[in-house]
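Data block below; observations after.
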Amino acid sequence: MKNKTIYIYLSFFIAVTLSLVLYFIYTHGSFSKKPILGSVKKIDYAPKFSYTGVVESSKITPIYIETSAIVEEVFVKTGSSVKKGDSLAKFSINSVFAIEKKIKLNDMEINKTLLKLDTLENGTSKLELDTKNLEIKNIEEQIKGSNRKIPILSSESTALRKRATALYSLFELGGISAMEANKASTEASKKEAELEDLKMNLELLKQKYSLTFLGYESLKRDITMQKMELSSDLSKLNIIKSELLGSLSEVKTPLESPISGIVISVDVTPGSNITPGSRLFSIAELDSTVVNIKVPLSEISYIKNNQKIEIFHSENSSFPIVGAIQRISSIANQSLDSSERVVDVEISVPINTHLNIGFNATVVITAPKREGILVIDSKAVFLKNNESYILILEDNKPKKIMLQLGKTAGESVEVLNLKEGQSYIINHNDFLNYKN
Numbered sequence: 002m003k004n005k006t007i008y009i010y011l012s013f014f015i016a017v018t019l020s021l022v023l024y025f026i027y028t029h030g031s032f033s034k035k036p037i038l039g040s041v042k043k044i045d046y047a048p049k050f051s052y053t054g055v056v057e058s059s060k061i062t063p064i065y066i067e068t069s070a071i072v073e074e075v076f077v078k079t080g081s082s083v084k085k086g087d088s089l090a091k092f093s094i095n096s097v098f099a100i101e102k103k104i105k106l107n108d109m110e111i112n113k114t115l116l117k118l119d120t121l122e123n124g125t126s127k128l129e130l131d132t133k134n135l136e137i138k139n140i141e142e143q144i145k146g147s148n149r150k151i152p153i154l155s156s157e158s159t160a161l162r163k164r165a166t167a168l169y170s171l172f173e174l175g176g177i178s179a180m181e182a183n184k185a186s187t188e189a190s191k192k193e194a195e196l197e198d199l200k201m202n203l204e205l206l207k208q209k210y211s212l213t214f215l216g217y218e219s220l221k222r223d224i225t226m227q228k229m230e231l232s233s234d235l236s237k238l239n240i241i242k243s244e245l246l247g248s249l250s251e252v253k254t255p256l257e258s259p260i261s262g263i264v265i266s267v268d269v270t271p272g273s274n275i276t277p278g279s280r281l282f283s284i285a286e287l288d289s290t291v292v293n294i295k296v297p298l299s300e301i302s303y304i305k306n307n308q309k310i311e312i313f314h315s316e317n318s319s320f321p322i323v324g325a326i327q328r329i330s331s332i333a334n335q336s337l338d339s340s341e342r343v344v345d346v347e348i349s350v351p352i353n354t355h356l357n358i359g360f361n362a363t364v365v366i367t368a369p370k371r372e373g374i375l376v377i378d379s380k381a382v383f384l385k386n387n388e389s390y391i392l393i394l395e396d397n398k399p400k401k402i403m404l405q406l407g408k409t410a411g412e413s414v415e416v417l418n419l420k421e422g423q424s425y426i427i428n429h430n431d432f433l434n435y436k437n
């Protein structure tokens with residue numbers, strides 16, 4: 002019985018002791034490890050950022066041909082180095098035959114069109130036009146003759162009518178016979194009829210002139226239109242011939258590189274059927290290169306256009322090439338390998354700096370120095386509910402406070418809501434079991 006009582010007391014003592022220990026740990030934290038303290042410091046900092054970029058040419062020349070052809074042989078591949086005038090590809094002899102046939106057919110159409118033009122200028126159409134022109138001139142002369150006769154006939158008719166009237170008056174007085182009076186009246190009437198006939202004929206001539214002139218102008222206009230159409234057709238045929246001759250020269254000899262550089266794409270294979278305007282190759286110039294990098298959106302504020310940077314490449318990584326930022330995209334895209342958005346940045350490389358196109362290069366960007374920023378050790382910061390916190394000692398107890406963070410400064414981070422000299426716990430993981 003006595004042993005049982007001792008056991009009960011001992012169990013109660015252990016339980017109380019354990020409760021006190023747990024309560025102390027809960028309220029004061031676990032001090033099994035000594036807190037490592039840091040303090041908020043003021044520093045001057047010029048952050049450096051390193052990115053891996055791809056060397057590309059800023060001048061890429063696509064190689065085209067302006068005709069249909071079949072590729073017989075390709076002499077280069079992607080990555081090949083070429084000089085101006087080097088052969089890139091050879092075309093099938095069937096392509097040459099096809100173009101030569103088109104040239105012959107085109108020449109036949111040209112000769113046919115020239116013959117039609119000659120017929121218009123010297124054939125039946127020209128004869129018909131000249132005939133109508135001659136007819137117009139003949140009518141004009143008849144009209145002029147009638148216009149000359151009318152005043153004369155009019156004067157004669159008036160005189161004869163006056164004479165007939167006078168003789169008739171004399172007849173009434175008995176001075177002449179009725180036969181003489183009637184004869185004078187008849188002569189006057191004939192002359193008047195002749196005058197009326199002449200006037201009517203003149204009107205008919207004028208109408209005939211108008212119709213003949215309209216017919217002449219219509220025929221002349223038709224001939225002119227036909228000449229214009231044939232001349233246009235001839236011009237088109239000559240243009241086609243010029244293009245065909247150019248196409249023939251393109252496929253008759255191997256396709257040559259217009260520049261020196263690196264072949265960055267080969268878009269044809271032996272046997273490929275090329276359509277006009279199709280791209281066959283792309284060649285990058287060696288003396289004009291850029292490096293393209295992707296900068297996280299959180300770091301883009303550190304860079305600006307024309308900012309000097311350093312480029313390191315594998316051939317000589319100890320001596321950097323000095324380049325400059327020449328273009329910063331205004332669009333942020335989703336990164337393929339992280340959740341952060343990135344901005345495309347293009348860096349110019351000095352002329353005659355021979356970087357291997359398609360190879361990687363390391364770009365180091367030094368941001369402008371910032372003076373007097375307050376920083377803490379980044380290892381002291383922890384996240385809770387997507388907010389940044391730090392532990393400080395208050396009354397010898399760890400206390401959690403929320404942080405307002407600025408930019409990262411190496412292994413430190415800028416803080417906006419702490420004062421210089423403020424102490425904090427760096428090894429926060431050892432003191433997270435506390436009452437706050």
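Just so you know, our numbering puts 135 at position 134 of the sequence shown, and the rest follows in order with no gaps.
Glycine included, each C-beta is placed from N, C-alpha and C at the ideal position.
Beta-carbon proximity check, residue i vs residue j, cutoff 8 Å
i              : j              : result
valine 296     : valine 346     : yes
isoleucine 137 : threonine 213  : yes
threonine 114  : leucine 231    : yes
lysine 85      : proline 271    : no
serine 389     : leucine 375    : no
glutamate 67   : glycine 278    : yes
serine 51      : threonine 290  : no
valine 382     : isoleucine 393 : no
tyrosine 210   : glutamate 141  : yes
valine 41      : glycine 359    : no
lysine 49      : glycine 373    : no
Residue i classed as buried or exposed, judged by whether at least 16 other C-beta atoms fall within 10 angstroms
i                 : result
glycine 262       : buried
alanine 362       : buried
glycine 54        : buried
isoleucine 426    : buried
proline 399       : buried
isoleucine 153    : exposed
serine 413        : buried
serine 339        : exposed
isoleucine 352    : exposed
phenylalanine 432 : buried
isoleucine 366    : buried
phenylalanine 32  : Annotation note: pLDDT 49 at phenylalanine 32 (below 50); position unreliable, coordinate value reported separately. Exposed is the call here.
lysine 420        : exposed
leucine 245       : buried
Cβ shell of residue i (< 7 Å), same chain only, five flanking positions each side left out
i              : result
threonine 276  : Ser69
asparagine 202 : Ser147
serine 82      : Ile263
isoleucine 92  : Reading the sequence as shown, one finds phenylalanine at residue 92 and not isoleucine. Cβ within range, chain order: Ala70, Ile71, Val72, Glu73, Val252.
alanine 90     : Val72, Glu74, Val75, Phe76, Pro255, Leu256, Val269, Leu281
leucine 199    : Ser147, Lys150, Ile151, Leu154
glutamine 208  : none
glutamate 195  : Leu154
Own chain residues within Cβ distance below 6 Å of residue i, not counting five before or after
i              : result
arginine 371   : Tyr46
isoleucine 61  : Ser283, Ala285
glutamate 188  : Leu161
lysine 117     : Leu231
glutamate 193  : Ser158
serine 273     : Val72
leucine 417    : Gln405, Gly407
serine 186     : Ala165
isoleucine 241 : Asn107
Any non-hydrogen atom of the ligand ZN closer than 7 Å to residue i Cβ
i           : result
glycine 247 : Ligands in the displayed structure: none, and consequently the ligand ZN is not present.
Cut-off 8 Å between Cβ atoms - residues of its own chain near residue i, not counting five sequence neighbours on either side
i              : result
leucine 298    : Ala333, Glu341, Arg342, Val343, Val344
alanine 1      : With the chain running from 2 to 437 in the structure shown, residue 1 is simply not present.
valine 292     : Gly54, Val55, Val56, Glu57, Ile312, Gly324, Glu347, Ile348, Val350, Leu356, Ala362, Val364
leucine 130    : Tyr217, Leu220, Lys221, Ile224
serine 379     : Thr409, Glu412, Ser413, Val414
leucine 235    : Ile111, Thr114, Leu115, Leu118
threonine 79   : Val264, Ile265, Ser266, Val267
serine 243     : none
asparagine 239 : Ile111
Paired residues, beta bridge with residue i - DSSP
i              : result
serine 266     : Ser283
histidine 314  : Ala362
isoleucine 294 : Val346
methionine 201 : For methionine 201, which the question treats as bridged, DSSP gives no partner whatsoever.
leucine 384    : Ser389
methionine 403 : Tyr390
isoleucine 71  : Asn274
asparagine 447 : Outside the modelled stretch of the chain, which goes from 2 to 437, sits residue 447, for which no answer is possible.
glutamate 181  : Paired residues: none, contrary to the question.
arginine 328   : Glu347
lysine 133     : Paired residues: none, contrary to the question.
Inter-stretch contact (C-beta, 8 Å, three-pair minimum) for the region 60 to 76 and the region 317 to 334: no
Contact between the region 73 to 88 and the region 267 to 274: three or more CB pairs below 8 Å? yes
Should the region 244 to 259 be regarded as contacting the region 87 to 105, the criterion being three or more beta carbon pairs within less than 8 Å? Touching, yes, given that three or more Cβ pairs across the two stretches are closer than 8 Å.
Does the region 299 to 306 come close enough to the region 85 to 97 that 3 or more CB-CB pairs lie under 8 Å? no
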